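Student:
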Amino acid sequence: NAGVTQTPKFRILKIGQSMTLQCAQDMNHNYMYWYRQDPGMGLKLIYYSVGAGITDKGEVPNGYNVSRSTTEDFPLRLELAAPSQTSVYFCASSYSDRGQAFFGQGTRLTVV
Amino acid sequence: KQEVTQIPAALSVPEGENLVLNCSFTDSAIYNLQWFRQDPGKGLTSLLLIQSSQREQTSGRLNASLDKSSGRSTLYIAASQPGDSATYLCAGSLSGAGSYQLTFGKGTKLSVIP
Chain A
286 NAGVTQTPKF RILKIGQSMT LQCAQDMNHN YMYWYRQDPG MGLKLIYYSV GAGITDKGEV
346 PNGYNVSRST TEDFPLRLEL AAPSQTSVYF CASSYSDRGQ AFFGQGTRLT VV
Chain B
17 KQEVTQIPAA LSVPEGENLV LNCSFTDSAI YNLQWFRQDP GKGLTSLLLI QSSQREQTSG
77 RLNASLDKSS GRSTLYIAAS QPGDSATYLC AGSLSGAGSY QLTFGKGTKL SVIP
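See below:
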C-alpha cells in the first residue's frame with residue numbers, strides 16, 4: 286500500500302542550484318497536486334495536473350515547473366533555488382475532481 | 017477568494033474528554049470540505065470528506081458537520097485519547113469548473129494529556 290511516494294525526504298540546496306522533487310502514486314489517480322507548507326501558514330497550491338500531459342498553475346507557481354508524462358509520476362522542478370523556496374513540499378493525488386486527497390510524506394527543502 | 021480559518025490555533029484537553037474543532041470559510045459556494053490530520057514531520061492523512069449536499073460524516077469516534085449557510089464546519093472527537101494528539105487541518109474546495117485547489121486553514125494543534 287505505497288499510496289503517494291515522495292523523494293527525497295530532506296534536501297539542502299545552495300542558492301542558484303536546481304533540483305527535481307519526485308512524486309509517484311500507485312492508485313491510478315488522474316488528479317495530482319503539489320503544495321508547499323510554510324510555518325504558521327496554510328498549504329498553498331503550486332501546480333496541479335488533471336491527467337497525463339495536462340498541467341496548470343496553482344496559487345504560487347513562480348520559480349517552479351512541472352511535467353506529467355505518465356499517470357503515475359508528477360515531478361516538481363526548481364530552477365535557480367532561492368531562500369524563499371525553503372519549505373516543506375507535499376505531493377497529493379485524488380481519484381476524482383475535488384475528491385478525497387491522498388498526500389505523500391513531504392520533502393523538507395532548505396535553500397542556503 | 018475562499019479563506020479558511022481555524023480557531024483555536026492550539027487546544028489542550030485531558031484524556032477522555034469530548035472536544036470540537038472549528039473551521040470557518042468565507043465562500044458559501046463550497047463543493048466539499050475535508051478534514052485532515054498531520055503528525056509532526058509527516059504528511060496529511062484524510063479523515064473525513066463532506067460533500068456540499070451532506071450535513072455530516074462519521075468515522076469511528078470522529079464526526080464532521082458542514083453548514084454552508086453559516087460558513088462553518090466542526091470536527092467532533094469523542095472520548096479523546098493521547099494518540100489523537102496531532103494538528104488537524106480543514107480544507108475546502110469551491111464549486112465551479114476548474115476549481116481544483118484545496119484552500120487550507122492553518123490548523124488546530126491538539127494535545128490530549130494522559
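Heads up: the protein sequence lines correspond to chains A and B, in order. Just so we're on the same page, my numbering is the position in the first sequence counted from 1, plus 285. Just so we're on the same page, my numbering is the position in the second sequence counted from 1, plus 16. The beta-carbon is built from N, C-alpha and C at its ideal position, and this holds for glycine as well. As the structure is a prediction and not an experimental result, all values here were calculated from the model.
Using a beta-carbon distance cut-off of less than 9 Å, what residues from the region 305-326 of chain A approach chain B?
Tutor: Answer set for the region 305-326 of chain A: 316, 318, 320, 322, 325, 326.
Student: Spatial neighbours of residue 32 (chain B) within its chain, please: CB distance less than 7 Å, with the 5 preceding and 5 following residues excluded, ordered by chain position.
Tutor: Sequence index remark: in the second sequence, residue 32 (chain B) carries index 16 (1-based). Here the set comprises 95, 96.
Student: Would a check of beta-carbon distances place residue 328 (chain A) closer than 8 Å to chain B?
Tutor: Looking up residue 328 (chain A) in the first sequence gives position 43. So, interface residue.
Student: Output, in sequence order along the chain, the residues in the region 39-64 of chain B whose CB is closer than 7 Å to any CB in chain A.
Tutor: The residues in question are 47, 48, 50, 58, 59, 60, 62.
Student: Between the region 343-360 of chain A and chain B, which residues of the former have a C-beta closer than 9 Å to a C-beta of the latter?
Tutor: So the list reads 343, 344, given in the order they occur along the chain.
Student: Can you look up residue 30 (chain B) in the DSSP assignment and give me helix, strand or coil?
Tutor: One-based indexing of the second sequence puts residue 30 (chain B) at position 14. Strand at residue 30 (chain B).
Student: Is it buried or exposed for residue 36 (chain B), if we count other Cβ within 10 angstroms and need 16 for buried?
Tutor: Along the second sequence, one-based indexing puts residue 36 (chain B) at 20. Its Cβ having fewer than 16 others within 10 Å, residue 36 (chain B) is exposed.
Student: Between residue 62 (chain B) and residue 50 (chain B), is the Cβ-Cβ spacing less than 8 Å?
Tutor: Numbered from its first residue, the second sequence carries residue 62 (chain B) at position 46. Numbered from its first residue, the second sequence carries residue 50 (chain B) at position 34. Result yes, Cβ atoms of residue 62 (chain B) and residue 50 (chain B) sit closer than 8 Å.
Student: Would you mind working out which of A:335, A:367, A:349 sits nearest residue 380 (chain A), comparing C-alpha positions?
Tutor: Reading the first sequence from its first residue, position 95 is the one you call residue 380 (chain A). Cα-wise, what sits closest to residue 380 (chain A) is A:335.
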